[in-house]
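Structure, as structure tokens:
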Amino acid sequence: MEWLKFILKNLSRRRTRTLLTVLGISVGVASIIGLGAMADGLKAGYDSMISGSNADLVISQPDAMDISMSSVDERVGEKVTSMPEVSEVAGMLEGFAQTEGVPYFFIFGYPLDSFLLDRFQIIEGVSIADRQAQRMRGTPIMIGSSAAESLKKSTGETIRLGSSVYRIVGIYQTGDGFEDAGGIVEIAEAQTLLGKQNKVSLYYIKLKDPSARQQVIERVERLWPDLSVGTTAEFSDAQVLDDFMQGYVWVIAGLAIVLGGVGMMNAQLMSVFERTREIGVLRAVGWSHRRVLFMILSESVIVCLAGGLLGILWGYLIMLTIGNNPAIFGAGSTNITTGLILQSLLVVFLLGIAGGLYPAWRASRLQPVEALRYEGGSAGEQVHRLPVGGMALQSLWQRTTRTILTLTVIGLTVGSIMALEGVVNGAADEMNQIALGANAEIMARQADIADTSTSAIDERAGEKIAAMPEVEHISGIMFTAVMLPENGSFFILQGYSPREYAIRRFRIEEGTTLTANHQIIIGKTIAEALNKEVGQTLDLSGTRFKIVGIYTSSVSWEGLGGVVTLRDAQTFMGRPRKVTLFSIKLRDPSQAKAVVEKINREIPDVHAALSGEFASQMPDMEAMDAIMAGISFLAIGVGGLGVMNTMLMAVMERTREIGVLRALGWRRRSILLMIMKEALLLAGLGALAGILIAFGLVVLIQMEPSMGQAMQASWNVRIFIRAILVALILGGVGGLYPAYRATRLQPVEALRYE
1 MEWLKFILKN LSRRRTRTLL TVLGISVGVA SIIGLGAMAD GLKAGYDSMI SGSNADLVIS
61 QPDAMDISMS SVDERVGEKV TSMPEVSEVA GMLEGFAQTE GVPYFFIFGY PLDSFLLDRF
121 QIIEGVSIAD RQAQRMRGTP IMIGSSAAES LKKSTGETIR LGSSVYRIVG IYQTGDGFED
181 AGGIVEIAEA QTLLGKQNKV SLYYIKLKDP SARQQVIERV ERLWPDLSVG TTAEFSDAQV
241 LDDFMQGYVW VIAGLAIVLG GVGMMNAQLM SVFERTREIG VLRAVGWSHR RVLFMILSES
301 VIVCLAGGLL GILWGYLIML TIGNNPAIFG AGSTNITTGL ILQSLLVVFL LGIAGGLYPA
361 WRASRLQPVE ALRYEGGSAG EQVHRLPVGG MALQSLWQRT TRTILTLTVI GLTVGSIMAL
421 EGVVNGAADE MNQIALGANA EIMARQADIA DTSTSAIDER AGEKIAAMPE VEHISGIMFT
481 AVMLPENGSF FILQGYSPRE YAIRRFRIEE GTTLTANHQI IIGKTIAEAL NKEVGQTLDL
541 SGTRFKIVGI YTSSVSWEGL GGVVTLRDAQ TFMGRPRKVT LFSIKLRDPS QAKAVVEKIN
601 REIPDVHAAL SGEFASQMPD MEAMDAIMAG ISFLAIGVGG LGVMNTMLMA VMERTREIGV
661 LRALGWRRRS ILLMIMKEAL LLAGLGALAG ILIAFGLVVL IQMEPSMGQA MQASWNVRIF
721 IRAILVALIL GGVGGLYPAY RATRLQPVEA LRYE
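Residues 1 to 754 (full-length UniProt numbering) are what the sequence shown spells out, left to right.
Have a look at this one:
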């Protein structure tokens, strides 16, 4: 207990520095708690939805990245129903649409006679299966209690999903935040809304006798070898979306933790410098190397644990405030589990050990005689000066270790933001390249959608566009992603008509281009990764295609996938007579802007844009911009605290120097400018370091085995200017308070500072 009091007394003597360090770490922990709760909420939601069905078996499309991307023909359900061992069969279609202020609102489609509807407790209004709901004006929908609260909706009101309007007939509750943040419609309506006519995401099967499970599985596998069948537990374990969410959580939270950790190491090093004489006294009265090391390490761990506890509290308050929102998959404070809290505390504990180890080792190596002669600052040490540079640069050079650590904080902050922006910019450029490579002036997608992957334009809209006199030719495009069980990576599958112009942009290196259905041409990169050659076959989600060609493309992610005929892609994705995009070539390219306006005016279900502007108008890019803004805010917040901590240390260490300058007649304004110059110079050097770190991070991203090769960065002047501005903001904001504090020092008090 006395030992703990001694350590807490040491920390309390430097309250401001300790508080800033704790705040920096708490931001990282809060991000772990918040994002982790979102990921756990999504997983818990899927688990609850699947296990809560009380079904014995589930039939789905194998290797689908998510339930919403699974597609099973309705005729399968009709045949399964006739099996003597089967009691009930219920299909379910899942997807998401854009609604009022929420980009991703999950929709669940069920048959009106489905046994699955029994688990939804109606707390207001009626069920969509109720006769009263069918008599009400408008297409009926019932929404979850969390969605109703977040969107401020009640029964009788309307809600817009995409371009369709629905009448809310009931509000339900399941106790699961994920489902309670979505809505339920009749399955035929969901098929129309999501562009998946006569398709479902999966089938739930109830058996008359559970002992017949294996017999039914073998029969289903024999009848439909291209489908997957298993128990609800097996199906739940096979979902991969929550794994990607967890990875996303640790990438973002890891950045914040590293930034906070470097700041903590900086603070501990400064603590050792300040307490050199104190440590010398302790060594002189008999303290061993190990005891001094343990003292500094204990302080480091306690600071980190304090930051961890504060971060957990912040995370809880954030989820309590924004919880159950459809935009975050209905996650709430209830998704902050004991495991997540322990995981966060373990991370900060290890951070305390790692960040405090070097300062503790340095303190333990101090010899009593040398430590007792220490006078603070750089007094008593040989001063090494640069041959160039003014006072600000010389000051940073005299404190090399602290300067390097601060440059690391600024560099990581700037570099991470810059690397992400470069990758996002690269993705946008490559999306534009799809149009430019096909010599198309216009690209079109479905209007009012949450994500380009949900775009489903009726082919009849393409016929209307093709009939316009300004249009020379039009090509339909489809794309989706599937998992490859062989290596656990993504496979980007596209659909093009062999007779249309757009497919010509793929340069065939071996074999031939597509000539018929059930054929596929694959990228050279994926061909090498899978050791595939022309003439072999490739299985994708249970569907077998014959490889007839291997292509190269200027779009990097296309090398990680393949192209099938448009009809095969429509069948594979469960969207007959639908396309994801239209590539439009004009007779006169100078009329492109006028034709875009004409298409958007005459065909409201379609959103057209010039090829060079298409990517920037995609909802995916808008969502990515929002994510980028969040990451930037988080990184700047943590990095700013680190810079502020460093500059405060500089002011404290140079108290006597500042006192001398004040005694010689320096005004407060001159002191403030001196400290601000150092902060801004540090920021400028950090910007240069950040640019180098950004290039390194992109290389690391591209080494990621599943999709790394598709992450090509694109750099422009705007990205570099923004990186420099971020660094200057970090320096300016981080240096302002320390500079102000330096101006408040009185000459007499400063000269007496020990």
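All C-beta atoms, glycine included, are put in the ideal place defined by N, C-alpha and C.
If you pair each beta-carbon of the stretch 17-37 with each one of the stretch 159-175, do three or more pairs fall below 8 Å? no
Q) Distance, Cα to Cα, Gln215 vs Val76? A) 17 Å
Any contact of the stretch 47-55 with the stretch 221-238, i.e. 3+ C-beta pairs under 8 Å?
yes
- Where do the ends of the beta strand (DSSP E) carrying Phe96 lie? 86-99
Residue range of the unbroken alpha helix (DSSP H) whose run includes Arg668:
668-702
Notebook entry, point to check: Quick one: is Thr512 buried, meaning 16 or more other Cβ sit within 10 Å of its Cβ, or exposed?
Noted result: exposed
For a test of the three-state rule: what should DSSP assign to Leu227, helix, strand or coil? coil
C-alpha gap between Ala444 and Glu602, whole angstroms = 13 Å
| said: Classify Arg189: buried if its beta carbon has 16 or more other beta carbons within 10 angstroms, exposed otherwise. | reply: At residue 189 the sequence reads Glu, which differs from the Arg that was named. Buried is the call here.
Next on the checklist: Using C-beta distances below 7 Å, list every residue in its chain close to Tyr737, excluding the 5 sequence neighbours before and after it, in chain order.
Outcome noted: Met644
Review point. Among the residues of its own chain, which have a CB less than 6 Å from the CB of Thr81, if the five just before and after it don't count?
Key: Val89
If you run the structure through DSSP and keep just helix, strand and coil, what is Ser288? coil
For Ala450 and Pro619, believed in contact at Cβ under 8 Å, the rounded distance: 6 Å
C-beta contact flag for Ala181 and Glu85 at 7 Å: no
Inset, instruction - Could you tell me the boundaries of the alpha helix (DSSP H) in which Glu179 lies? - result: 177-180
- Query: Quick one: any contact between the stretch 59-69 and the stretch 479-494, if contact means 3 or more CB pairs under 8 Å?
  - Reply: yes
Ile658 in three-state terms, based on DSSP: helix
Enumerated in chain order, which unbroken segments of the beta strand (DSSP E) with a length of 3 residues or greater are wholly contained in the stretch 478-507?
489-496
*Going by alpha carbons, who is nearest to Arg744 out of Glu678, Ile724, Ile671?*
Ile671
Q.
Tell me which residues share the same chain as Arg222 and place their Cβ nearer than 6 Å to its Cβ, disregarding the 5 neighbours each side in the sequence.
A. none
Inset, instruction - Go ahead and pull the three-state DSSP assignment for Ile128. - result: coil
In chain order, what residues of the same chain have a beta carbon less than 7 Å from the beta carbon of Ala615, not counting five sequence neighbours either side? Ala428, Met431, Asn432, Met621
ask   = Is the beta carbon of Met142 less than 7 Å from the beta carbon of Val102?
value = no
Count the C-beta pairs between the stretch 518-536 and the stretch 456-473 that are closer than 8 Å, then say yes if the count reaches three, no if not.
-> no
Rounded distance between the beta-carbons of Gly562 and Leu493, thought under 8 Å:
6 Å
Determine whether the beta carbon atoms of Leu560 and Thr525 lie at a separation below 7 Å. yes
- Item | Stretch pair the stretch 281-290 + the stretch 350-369: three plus CB contacts closer than 8 Å | yes
Q.
According to DSSP, is Ala608 part of a helix, a strand, or is it coil?
A. strand
Our contact map puts residue 755 next to Val200 with C-beta atoms below 8 Å; I'd like the distance itself, whole angstroms only.
Look at the range of the chain in this structure, 1 to 754, and you will see that residue 755 is not part of it.
Requested in this report: Spell out the partners DSSP gives Val471 in its beta bridges.
Outcome: Leu586
Exercise for the section: Give a yes or no on whether the C-beta atoms belonging to Ile434 and Gln446 are separated by under 7 Å. Expected result: no
(request) Identify whether Phe120 lies in helix, strand or coil by the three-state DSSP scheme. (result) coil
For Ser60 and Ser228, which I take to be in contact (beta-carbon distance under 8 Å), what is that distance rounded to the nearest angstrom? 5 Å
Status (buried if at least 16 other CB within 10 Å, exposed otherwise) for Leu699:
In the sequence as displayed, the identity of residue 699 is Val instead of Leu. The residue in question, Val699, is exposed, as its Cβ has fewer than 16 Cβ neighbours within 10 Å.
- prompt: Among all the DSSP beta bridges, which residues are the ones paired with Ile33?
  reply: Per DSSP, none; premise fails for Ile33.
Touching by the beta-carbon criterion (3+ pairs, under 8 Å), the stretch 414-422 and the stretch 684-703: yes
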